[in-house]
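So the protein sequences, as listed, match chains A and B.
Using this note's numbering, you'd call the opening residue of the first sequence number 1 and step up by one each time.
Using this note's numbering, you'd call the opening residue of the second sequence number 1001 and step up by one each time.
Idealized CB from N, CA, C, for every residue including glycine.
Notes follow once the structure below has been shown.
There are 2 protein chains.
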Amino acid sequence: MTDRKYHHGDLKHALVAAGLAILEVDGLPGLSLRACAARVGVSHAAPKNHFGSLKGLITAIAAEGFARHAAFMRDGLTEGASRRDRLRAAMLGYTRFAAAHPHLFELMFSPNYPDFSDETLRRNAADSYSVLRDISTGLDWDKAAGPDGQVKTEMMLWSLAHGYALLAMSGQFSPGGATKAPAFPIDQVMPEFGYRE
Amino acid sequence: MTDRKYHHGDLKHALVAAGLAILEVDGLPGLSLRACAARVGVSHAAPKNHFGSLKGLITAIAAEGFARHAAFMRDGLTEGASRRDRLRAAMLGYTRFAAAHPHLFELMFSPNYPDFSDETLRRNAADSYSVLRDISTGLDWDKAAGPDGQVKTEMMLWSLAHGYALLAMSGQFSPGGATKAPAFPIDQVMPEFGYRE
DNA sequence: TCTCCATATTGACGATGTAAACTTATCTGC
DNA sequence: GCAGATAAGTTTACATCGTCAATATGGAGA
């Protein structure tokens, strides 16, 4: 059992971890199959056996990203808090995740990179979406009338969080420079709702 | 004066036009310096003289994209209509542009590709933003109190439009498939405002 | 122990962005 | 009108990337 085995043992997870680490440091342009393989200490063609192509690896990374995204949002939700506070906490979690991991966030929602028909990716993305969905049930606002009010409320909250996250990320809310934080966090840019407890 | 001149004459604009055309057909992955050069009928290194690098060409394409984006939004704004209608028209214009030119829209807001410190890009983006800004002045809603109410209103509207556009574009609002249109257009997912005419 | 097969390696190919050296046409000053 | 300067395009070359085919390795089951 040498330090450098021919069979890695858990190359699949190791490559995803390497990809996540590369994203944090070099961003999307630095993410390549060869770079991930090199970081794990494996030949450049090894990833092909586990993920068919670059798209496959990126899809796996995106799936892991959605899992972390959901966990990030759930982190601020203490069960006892009011509905109002929990909704705000989830929205803040959404945007804070994007600010903390901008490149991963961009990869997750980039129409080109991941394969959105992948089963685990769909499941993790749906789970992440369900955090906002669960909290937004029964919110009262002017568009929430009729059988589609729930869907419309979800669409609005998700759009708001997603748009804010991306625009803040690309520096559009801070004309002085992309590194500066936006003037107001998202909970100061949300409409008020009536909360049926 | 042959048909095939050594000096193209207007290569800079021709390359941007070629890039836009390639985007419509092949999307972002098909956009490359060499592909644009080939489409114009010029050697693969010719673009280097006008744009320093791929980032330079992409920045020019994004700037043109913002100009078209602003025009798209302004198209629905008839001067006589009510403020309420104009706001809705601008929001619909925002999302419809993204639906009509998804790859260009993605390029415009991708944090990696364009150089957001470029002067014309900043100017065109600011002009595009000003369409929403102008319409949203003086809207009454619960967060619009105080000296920052105007900024918060702009941030909310922009975030809402942008998030909706991106999520709809990547098929997140239509679980059946990315090609299907979302169930509700954005004007049915917006909060109501008080309008000070 | 022997065989099968998933796993990893090596080498190669075409495509891409970029750089440097070179060529061609247009412009400028006389 | 002409000669040098300069802008605009070409050619060649190189490193890197994703992908493929052929090969090597070692563990699992008989």
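- Across the segment 131-157 of chain A, CB contacts with chain B closer than 8 Å involve W141, D142, K143, D148, V151, K152, M155 and M156, in sequence order along the chain.
- A:D140 is bridged by DSSP to A:G194.
- In the three-state DSSP reduction, B:T1078 falls in the coil class, being neither helix nor strand.
- Proximity of chain A to B:E1192 at the Cβ level (cut-off 7 Å) is accounted for by D142, in chain order.
- Put simply, the backbone Cα of A:A60 is about 26 Å away from that of B:L1104.
- For A:Y164, the neighbours in chain B by C-beta distance under 9 Å run, in chain order, M1155, M1156, W1158, S1159, L1160, H1162 and G1163.
- Ranked by Cα distance from A:L166, the options B:S1032, B:D1142 and B:M1155 are led by B:M1155.
- In the DSSP annotation of this structure, A:N112 is not part of any alpha helix (DSSP H), being labelled neither H nor E.
- Contact check between the segment 121-141 of chain A and the segment 80-96 of chain A: three or more CB pairs, one atom from each, fall below 8 Å, which counts as touching.
- Ranked by how close their Cα comes to the Cα of B:L1121, the residues B:Q1172, B:V1040, B:A1067 and B:G1194 have B:A1067 in first place.
- CA-to-CA, the gap between A:H69 and B:N1112 works out to about 21 Å.
- Shown here is that no member of the segment 1073-1097 of chain B has a Cβ falling below 9 Å from a Cβ of chain A.
- Beta-carbon to beta-carbon, A:V151 and B:A1017 are separated by about 40 Å, too far to satisfy the 8 Å threshold.
- Setting aside the 5 residues that flank it on each side, B:A1035 is surrounded in the same chain by I1022, each with a C-beta closer than 7 Å to its C-beta; the list follows chain order.
- A:N124 is classed as buried because its beta carbon has at least 16 other beta carbons within 10 Å across all chains shown.
- Counted as a single uninterrupted DSSP element, the alpha helix (DSSP H) harbouring A:D85 occupies residues R83 to A100.
- CA-to-CA, the gap between A:V40 and B:A1126 works out to about 44 Å.
- For B:H1050, the enclosing alpha helix (DSSP H) stretches over residues P1047 to H1050.
- In the three-state reduction of the DSSP assignment, B:F1116 falls in the coil class.
- B:A1181 is positioned such that its CB atom lies closer than 9 Å to that of B:A1099.
- One finds G1027, L1028, P1102, H1103, E1106, L1166, M1169, S1170, G1171 and A1178 in chain B with Cβ atoms closer than 9 Å to the Cβ of A:P111, taken in chain order.
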